[in-house]
Each structure stands twice: as C-alpha cells, then as structure tokens.
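Since the structure comes first, as structure tokens, the remarks are kept for the end.
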Amino acid sequence: MQALYFCKPFRHAILEYHESLPKDHDESLLTALGDLFASISNQKKRTGVLAPKKFIERLKKDNVIFNSYMHQDAHEFFNFVVNECCEVLVKQHRREHPTPDGEETKPVKTWIHDIFEGGLTNQTQCLWCENVTSRHEAFMDLSLDIEQNASVSACLKQFSSNELLASQDKFQCDACGGLQEAHKRMLVKSSPKVLALHLKRFKYLESLGRHAKLMHRVVFPSELKIPNMTEDAEGQDAAYQLFAVVVHVGSGPNHGHYVCLVKSHGQWLTYDDDTVELMDDEAMNNFFGSTQEHSGGNTEHGYILFYERVDGAEWSGSGGGEGSRGARGGLSEALATAQQ
Ligand SMILES: [Zn+2]
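Going by this note's numbering, the residue at position 126 of the sequence shown is 759; the numbering climbs one at a time, nothing skipped.
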C-alpha cells in the first residue's frame, strides 16, 4: 500500500480520479483506494496513523483469498489491486463508450496501463531456417528468477536468455513449415513508466519437497537501466530510479511480515505497520540477502522493487542516488497506513 502511495504518477492519477467522481458513484476497490489516498493526502496533522479499514473490507469482498488471517503474498496483492482497478476503469469506459453493434470490442488502455504497462517481445528463432517469429505481449510487472550473488540486472538478462525448444517442445515454424528445434527468448520492447520487479524468492524446491524462501543475495541498485531491450525499442537508454521496496521479513513462505521502504523528498523511510522511521541510504544493503543461505540472522529481503523512469538528465550514472539528504519535507507525507 505504501509503495503504491509513494508511486507518484499512480497517486496523482488516483487523486484526480477521486476528485472527478460524482457523489452518487458506485463503490469499487478503486474508489476505496481513492478515498484512502485522499484522506492521507488531505491530512492536516504532520504525523499519525490511518487504518485502511474500508479498503480492506472492500478487498475482502472482491477477493475471497484475502478474506482470512492467513499470511498473504504481497506480489499477489499488488497484481490483484492493479488488475481489479484496471477492470473498474475498463468497465466504466465501456459503459460510457459502448461498442456499436457488429463492431469488435477494442482493448481499452487506462491510466493505470499508462503507468505500469510495458511490452515484451517473445522471439522464436527456428534453428532449421533461422526465421524469427515475434509475438508481442504486455506486462504490468516482471517476475524474475533469482540466483545466489546476483544483481537485478543479471536477473533481467537471465530473464531474456535463450531457451531451447527441443524434443517434445519443438516449434511449428510457419516459414519452413516443419516442426523444428528453436531458440526462444523474451525481450523488453517498450519500457513502462513505473517498472515493478518481483523477485521470485518463494520457490518449490524438489530437494525439500516443499516451498521455501530463497535467502539469496540479490543486489538492487538505486539506478537501473533495462539491459534486455530489443534493438529497436523506444527508450533504449531510459534510466530508472528506485523509489520503493517491499521487504519480506521471515524465514519461510507461509509466515512472516512485510515492511515497505519508500523514498520521499530524497530521503528513505521505513514503514513497519504504524512505525515510520528515517533510513540511511547505506542501510539498503541490509535488504539484499545473504551470501550464505540459511546462515541465520537477517531474514529481511527485498521482494518487490519499484523503479520510476527518469529523464536522461537526472541519471547520475554513479548508482549513488541523488543524495539530497537535506530535504526533509517528507515527514508530513509519512502517515503510516496499516500494512497489507
Ligand atoms: Zn523454420
């Protein structure tokens, strides 16, 4: 929730949407989120806590999965909220602009798509005739496999590495008309305004016969370029700045706790339920993971990373962030919202 609130394009758009609603509007997850964001942003007090009761009630109504006291996955929560809010806007658009009879319904792009949506190209190269078949798909976030002692850039490159389609998985090539071996890879074709990266820390391990949490050390920089874009992609050189990190605290997949790190006015803050504290930039290192699996001790790991695209001019290239430590206006924004 805090990551979404500190995602400025999303917050601004949702507040605008909230303003534009007629008094007798229908309730939805999106209107509940708008109410919550408005009550945070219109708050006069400099510090305090708001419990998102109405929003949680609505969430439980819209999705039975969240209607329990079981530990929930923050990535599933993010997906659900984003998709559900898109759905509300798409339905509204279709109501206001009905498709004439006989015409095909076109996909609707909402302002949520404008913020989170990027494009992937799924390239398959036939190893027999070398013809490349490309298929386009959209994404709202990327889920990355992780390895021990890796960087997020390395995980993104790995995401785009060639996969061999062979034996039972051969590829039906339209160019040469045969069932052939092929190389498949996914590249980023268009970069989103806000890049949400989900590190797949929860994984079924055959050796254990159950799901486990990977404590791997995965370094995420404060500034990032997408290393796996197609050559003709727009925004090839786009730089991204980290503005929020959802941290999973705990040693297993079925229990634990989430905290959120957000950058506000050049200063990192940690949100842990109703506690908000300033955090030094260097402290980010504590959330990368450990080089030794299950070494005990630290179980706080970066789990979902939020990057915002910035203009080339703002790219410092040093990876050190903008370092405007002095600006502390952020605490008036530091109203804790209870954790989901
Ligand atoms: Zn072929």
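Virtual Cβ for every residue (Gly too), placed ideally from N, Cα, C.
Taking the alpha-carbon of residue i as reference, which of the options has the nearest alpha-carbon?
{"i": "H934", "options": "G885, H881, G842", "result": "H881"}
{"i": "V851", "options": "D907, C788, L911", "result": "C788"}
{"i": "I689", "options": "K803, T743, Q705", "result": "Q705"}
{"i": "E915", "options": "P854, H898, V714", "result": "P854"}
{"i": "D747", "options": "D906, T924, V715", "result": "V715"}
{"i": "Y873", "options": "Y891, D944, Q813, L838", "result": "D944"}
{"i": "T863", "options": "I698, L875, K641, S794", "result": "S794"}
When burial is assigned at 16 or more other CB atoms within 10 Å of the CB, is residue i buried or exposed?
{"i": "Y650", "result": "buried"}
{"i": "E736", "result": "exposed"}
{"i": "K846", "result": "buried"}
{"i": "R942", "result": "buried"}
{"i": "T743", "result": "buried"}
{"i": "Y940", "result": "buried"}
{"i": "L841", "result": "exposed"}
{"i": "L875", "result": "buried"}
Output the boundary residues of the alpha helix (DSSP H) element that contains residue i.
{"i": "A671", "result": "662–674"}
{"i": "Q725", "result": "707–729"}
{"i": "D747", "result": "744–749"}
{"i": "K641", "result": "641–653"}
{"i": "E690", "result": "686–695"}
{"i": "C788", "result": "785–792"}
In the DSSP assignment, find the unbroken beta strand (DSSP E) run with residue i in it and report its ends.
{"i": "D865", "result": "862–867"}
{"i": "V827", "result": "827–832"}
{"i": "Q801", "result": "Premise fails: Q801 is in no beta strand (DSSP E) and is neither H nor E."}
{"i": "Q900", "result": "900–905"}
{"i": "V909", "result": "908–912"}
{"i": "Q925", "result": "Segment: none, Q925 is in no beta strand (DSSP E) and carries neither H nor E."}
{"i": "T874", "result": "The question names Thr, but residue 874 is Gln in the sequence shown. Taken as a continuous stretch (DSSP letters only), the beta strand (DSSP E) holding Q874 covers 872–882."}
Roughly how many angstroms separate the alpha carbons of residue i and residue j, rounded to a whole number?
{"i": "K826", "j": "G751", "result": "8 Å"}
{"i": "F772", "j": "S823", "result": "10 Å"}
{"i": "K833", "j": "I779", "result": "6 Å"}
{"i": "N696", "j": "H898", "result": "35 Å"}
{"i": "G667", "j": "S800", "result": "51 Å"}
{"i": "I673", "j": "L648", "result": "11 Å"}
{"i": "K677", "j": "A671", "result": "12 Å"}
{"i": "K858", "j": "D774", "result": "15 Å"}
{"i": "V741", "j": "E717", "result": "14 Å"}
{"i": "R679", "j": "C893", "result": "20 Å"}
{"i": "T903", "j": "K687", "result": "24 Å"}
{"i": "L637", "j": "R843", "result": "31 Å"}
{"i": "Q805", "j": "Q813", "result": "6 Å"}
{"i": "K896", "j": "T908", "result": "16 Å"}
{"i": "H726", "j": "K693", "result": "25 Å"}
{"i": "A871", "j": "D657", "result": "42 Å"}
{"i": "F643", "j": "K817", "result": "34 Å"}
{"i": "F699", "j": "G889", "result": "16 Å"}
{"i": "S701", "j": "Q635", "result": "21 Å"}
At a cut-off of 8 Å, is residue i close to ligand 2 when judged by its beta-carbon and the heavy atoms of the ligand?
{"i": "A799", "result": "Looking for ligand 2 in the displayed structure turns up nothing; the ligands present are ligand 1."}
Open item on the list: Within 8 Å, do at least three Cβ pairs link the segment 793–810 to the segment 759–775?
Closed with: For the pair of segments examined, the segment 759–775 was found to touch the segment 793–810: the number of CB pairs separated by less than 8 Å reaches three.
- [ ] Check whether the segment 659–674 touches the segment 710–722, taking contact to mean three or more Cβ pairs, one atom from each stretch, closer than 8 Å.
- [x] They touch, by the three-pair rule.
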